[in-house]
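Order-wise, the sequence lines are chains A and B. Just so you know, we're using this note's numbering here: the first sequence kicks off at 1 and counts up by one. Just so you know, we're using this note's numbering here: the second sequence kicks off at 1 and counts up by one. Even glycine gets a Cβ: it sits at the ideal position worked out from N, Cα and C. Bear in mind that the values here come from a model prediction, so they are computed numbers and not experimental data.
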Amino acid sequence: MKTRVIILFFSVVVLSALLISACKKNDVAAENFGPYNPTYLSFNIPNGWPVPATNIFADNPLTEQGFQLGKKLFYDGRLSKDGNFPCASCHQQFAAFATYDHDFSHGFDNAFTTRNAPALFNLAWMDKLHWDGGINHIEVQPLAPITAPNEMAETIENVLNKLNADTAYPAMFYAAFGSGGITSQRMLKALAQFMGTIVSNNSKYDKVKRGEASFTYSEQNGYTVFKAKCETCHKEPLFTDNSFRNNGLAVNPYLNDYGRMRITNDKNDSLKFKVPSLRNVMLTFPYMHDGRIYSIGQVIDHYRSGIITTQPTLDPLLINRIAISNAEKNDLIYFLNTLTDQQMTSDPRFSAN
Amino acid sequence: MKRIQIFFYGIAMFAFTACQKEFTNNQPTGTIKFTFANTVKGIPVQLNTGIYTNNFGEQYNISKFKYYVSHPGLSNTSSTATNKDYYLIDENIASSKSISFDVPVGSYTSINFLLGVDSARNVSGAQTGALDPLNDMFWTWNSGYIMAKMEGTSPQSTIVNNKVEYHIGGFSGANSVLKNINIVVPVSSLNMIDIREGKISEVFIEADFDKWWQGSYDLKIADVPSVTMPGALAKSISDNYANMFSITDVQNY
Numbered sequence: 001m002k003t004r005v006i007i008l009f010f011s012v013v014v015l016s017a018l019l020i021s022a023c024k025k026n027d028v029a030a031e032n033f034g035p036y037n038p039t040y041l042s043f044n045i046p047n048g049w050p051v052p053a054t055n056i057f058a059d060n061p062l063t064e065q066g067f068q069l070g071k072k073l074f075y076d077g078r079l080s081k082d083g084n085f086p087c088a089s090c091h092q093q094f095a096a097f098a099t100y101d102h103d104f105s106h107g108f109d110n111a112f113t114t115r116n117a118p119a120l121f122n123l124a125w126m127d128k129l130h131w132d133g134g135i136n137h138i139e140v141q142p143l144a145p146i147t148a149p150n151e152m153a154e155t156i157e158n159v160l161n162k163l164n165a166d167t168a169y170p171a172m173f174y175a176a177f178g179s180g181g182i183t184s185q186r187m188l189k190a191l192a193q194f195m196g197t198i199v200s201n202n203s204k205y206d207k208v209k210r211g212e213a214s215f216t217y218s219e220q221n222g223y224t225v226f227k228a229k230c231e232t233c234h235k236e237p238l239f240t241d242n243s244f245r246n247n248g249l250a251v252n253p254y255l256n257d258y259g260r261m262r263i264t265n266d267k268n269d270s271l272k273f274k275v276p277s278l279r280n281v282m283l284t285f286p287y288m289h290d291g292r293i294y295s296i297g298q299v300i301d302h303y304r305s306g307i308i309t310t311q312p313t314l315d316p317l318l319i320n321r322i323a324i325s326n327a328e329k330n331d332l333i334y335f336l337n338t339l340t341d342q343q344m345t346s347d348p349r350f351s352a353n
Numbered sequence: 001m002k003r004i005q006i007f008f009y010g011i012a013m014f015a016f017t018a019c020q021k022e023f024t025n026n027q028p029t030g031t032i033k034f035t036f037a038n039t040v041k042g043i044p045v046q047l048n049t050g051i052y053t054n055n056f057g058e059q060y061n062i063s064k065f066k067y068y069v070s071h072p073g074l075s076n077t078s079s080t081a082t083n084k085d086y087y088l089i090d091e092n093i094a095s096s097k098s099i100s101f102d103v104p105v106g107s108y109t110s111i112n113f114l115l116g117v118d119s120a121r122n123v124s125g126a127q128t129g130a131l132d133p134l135n136d137m138f139w140t141w142n143s144g145y146i147m148a149k150m151e152g153t154s155p156q157s158t159i160v161n162n163k164v165e166y167h168i169g170g171f172s173g174a175n176s177v178l179k180n181i182n183i184v185v186p187v188s189s190l191n192m193i194d195i196r197e198g199k200i201s202e203v204f205i206e207a208d209f210d211k212w213w214q215g216s217y218d219l220k221i222a223d224v225p226s227v228t229m230p231g232a233l234a235k236s237i238s239d240n241y242a243n244m245f246s247i248t249d250v251q252n253y
């Protein structure tokens, strides 16, 4: 009797253990890399700034390990076909993560891009990416440049193969996301953690707003002009309202780029492009979606006298162009200089290791 | 003694049920299997080698044929059982053409699924599994899934290498190509879908590619050899292909 109970007991214990272990995936990674114990980070919204419409980290919890993995990927040429074009080749930190001094950027096999590389900062507040807003989430953004034949020209499959063959990545993916290996989803989430946490809020303008510095006479005058004549579209504190507008540029006959209409198929969106942030504007020249205007003074001249007022989709705010005197133009440029954030452009946290 | 036995059996049962997916709410379940057969007018698709003719007299072959089936389920007059998963049916991958999931026991009279990927998943960032961009069904420059894709060639095509390419997508507004497919088991069927505990039932579904050419819109290769972006054309083609599915057989094993 007693023996039967003991036998029954052991058989049930063994059976239960077997069944329970069958539920668990065979966790080889855990054995190789030790316990999964990421350091969680919080994303801080600067005082007075709006809460982003969408929390881009809602399904992508920020961790130090995820951020560091994203940074390594951002600076790694192996994400491109020939190894020469990491994300950072077109998005240079010293240029606020735009391409310095280039209308178009260079890609694989001596190709050019067809639009001016946008600066990368404050992306957590941007719900549609690209000049035409065609990309609807920061996580899927890198798929475009990685696979574009005139940019990084690589396939996602090849990128994953290269990462898997590397000595460092498997452990870094494990540290960031736990067992489950290297996947496109994890690569994209890591890149989103890096890019999405680049925040620019330490320009002189920000310091003035915080009471840590004060504008010069000309800067203050320029700020007044800005508030009166630019602020509707370049809305503070992000210096963009993230809308798409036609600002009266002639169509480039080589590119025939009609902007947002390509995405929406709506002729009312013809020639509309995203309003770019004016933060770090002195570093992001040349200007406009195709980099056609070289200096900030020429940009102001475009709004004063260059706007083509006959385009049916021209922004209503620009129908009469913008009256800006020469004195106002000078002051405005002084003010725009206060939007450069050298702390962000030199922050080692965002630099290649 | 009896009590100890019951206790032990209880532990064993607990260990066993811990493996099951939640879904069930303690209802007994069986497995439903959808098996897709891609055809052209009832003849199984032969990738690359099969030569077909549409009703406009245009000849073509098919090199790729794949489409998303999301949230498949069964229903009867009183209830609907839906699975939350996403499946990519790919003619080139035999195993992709059968999908299985568990549903509560009962008798069902129709099947349903979303042909495509729901709009929420199109705007939720990087996905995995059937929705992984590795599957070559995601547009990178205009974020969103290609819901159904056909590629091939035709002498009537005027574009490079006589290509025929229909990449049908678009998830928002008037040009959304998303289609809720609901097919009632035909009266002629010998069996209803009778889900019994622990048993498998199988529904055989034919997807007739020929339906892409006609319906509410005449798709002629000579006029439109390729559609690779969301818009009115994609919408028209989706209105046609929404009619490509039919149930050919039901088996309860």
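Q65 (chain A): member of the alpha helix (DSSP H) spanning 64 to 74, first to last residue. In the three-state reduction of the DSSP assignment, Y36 (chain A) falls in the coil class. Close to A126 (chain B), with beta-carbon spacing below 7 Å, are these residues of chain A in chain order: E139, V140, S184, Q185, L188, K189.
Around the C-beta of Y217 (chain A), fewer than 16 other C-beta atoms lie within 10 Å, and the residue is accordingly described as exposed. For N164 (chain A), no Cβ of chain B is located within less than 9 Å of the residue's own Cβ.
Within chain A, the residues placing a beta-carbon under 7 Å from that of S143 (chain B) are G134, I135, N136, H137, V140, ordered along the chain. In the assembly as shown, V51 (chain A) is an exposed residue. Its beta-carbon has fewer than 16 other beta-carbons within 10 Å. Here T113 (chain A) carries a coil assignment [DSSP, helix/strand/coil]. Residue burial is scored here from C-beta neighbours: S70 (chain B) has at least 16 other C-beta atoms within 10 angstroms and is therefore classed as buried.
Inter-segment contact for the region 140 to 160 of chain B and the region 216 to 226 of chain B is present: three or more beta-carbon pairs are separated by less than 8 Å. Counted as a single uninterrupted DSSP element, the stretch harbouring P46 (chain A) is not any beta strand (DSSP E), since DSSP gives it neither H nor E. Of the other Cβ atoms in all chains shown, 16 or more fall within 10 Å of the Cβ of S200 (chain A); this residue is therefore buried. Taking K33 (chain B) as the centre and dropping the five residues before and after it, the same chain places the C-beta of S98, I99, S100, I200, S201, E202, V203 closer than 8 Å to its C-beta, in chain order. Relative to D239 (chain B), the option among B:V184, B:V177, B:T80, B:F36 whose CA is nearest is B:V177.
Per DSSP, the unbroken alpha helix (DSSP H) holding Q220 (chain A) starts and ends at 217 to 229. In the three-state scheme derived from DSSP, where H, G and I count as helix and E and B as strand, S184 (chain A) is classed as helix.
Listed as beta-bridge partners of W139 (chain B) by DSSP are B:G144. For chain B, the residues of the region 141 to 163 of chain A that bring a beta carbon within less than 7 Å of one of its beta carbons are L143, A144, T147, I156, E157, in chain order. Contact of N175 (chain B) with chain A is assigned, a C-beta pair being separated by under 9 Å. The beta carbon of L134 (chain B) falls within 9 Å of a beta carbon belonging to chain A, placing the residue at that interface. Of all alpha-carbon atoms in A:R292, A:L283, A:C230, the one lying nearest the alpha-carbon of L255 (chain A) is that of A:R292. By the Cβ-count criterion, S78 (chain B) is exposed, with fewer than 16 other Cβ atoms from all chains shown falling within 10 Å of its own Cβ. For the region 54 to 69 of chain A, the residues whose beta carbon sits under 8 Å from a beta carbon of chain B are, in order, I56, D59, N60. For W131 (chain A) against G259 (chain A), the beta-carbon gap comes to about 7 Å, under 8 Å, which counts as contact.
Using a Cβ-Cβ cut-off of 9 Å, A232 (chain B) counts as an interface residue toward chain A, since at least one Cβ of chain A sits closer than that to its own. Taken through DSSP and simplified to helix, strand or coil, Q193 (chain A) comes out as helix. The beta carbons of S110 (chain B) and L134 (chain B) sit no closer together than 9 Å. In this structure, DSSP gives P133 (chain B) a helical state, which the three-state scheme calls helix.
Two segments are said to touch when three or more pairs of C-beta atoms, one from each, lie closer than 8 Å; by this definition the region 304 to 324 of chain A does not touch the region 133 to 141 of chain A. Within the region 47 to 103 of chain B, complete beta strand (DSSP E) segments of at least 3 residues are found at 59 to 75, 80 to 82, 86 to 90, given in chain order. Taking a Cβ-Cβ cut-off of 7 Å, V227 (chain B) has no neighbours in chain A, whose nearest Cβ is about 12 Å from it.
When C-beta atoms of the region 123 to 142 of chain B are compared with those of the region 186 to 199 of chain B, fewer than three pairs fall below 8 Å, so the two segments do not count as touching. Bounds of any beta strand (DSSP E) do not take in I324 (chain A), whose DSSP letter is neither H nor E. Contact between the region 201 to 220 of chain A and the region 67 to 77 of chain A is not established, with fewer than three Cβ pairs separated by less than 8 Å. For the region 263 to 279 of chain A, the residues whose beta carbon sits under 7 Å from a beta carbon of chain B are, in order, I263, N265.
Under a criterion of Cβ atoms nearer than 7 Å, the residues of chain A adjacent to V123 (chain B) are, in order, N136, H137.
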